[in-house]
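Residue numbering for the sequence shown follows our numbering, beginning at 27 and increasing consecutively. Built from N, CA and C at the ideal position, the CB exists for glycine as well. On a predicted model such as this, the values are computed, not experimentally measured, just so you know.
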Amino acid sequence: MTVVTIHEAKTNLSRLIARVLAGEEVTIARGKEPVVKLMPVKEVTKPKRVLGTLKGTIDLDAGFWDPLPEEYLALWNGEDSPEAQ
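Right under this line is the structure:
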């Protein structure tokens, strides 16, 4: 839970609204005393993910899962390519 002063809330209202819409709880305080809780008007719901939505939309090359050549592995690991040695 985030607690901000009235001055901070006035200065950062757009950011606070975005945080509340993302699901965070924000309380506005006068001094150290909490006086207001910022909350969305409607319950924020995330759309349900459906597995397999993109199935069949991407074609991988036949060699996609083949091991990488040694020179690529060396470069990936921050080493000099075997060809350069």
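Query                                                                                                                  : Result
Complete runs of the beta strand (DSSP E) confined to the segment 76 to 107 [at least 3 residues]                      : none
Cβ pair count under 8 Å reaching 3, the segment 63 to 75 against the segment 41 to 54                                  : yes
C-alpha gap between VAL29 and VAL76, whole angstroms                                                                   : 36 Å
Classification of LEU42 by the beta-carbon crowding that lies within 10 angstroms, buried from 16 upward               : buried
Span separating the alpha-carbon of ALA44 from that of ALA88                                                           : 44 Å
Residues of its chain near ALA35, where Cβ-Cβ distance is below 7 Å and the 5 sequence neighbours each way are ignored : LEU42 and ILE54
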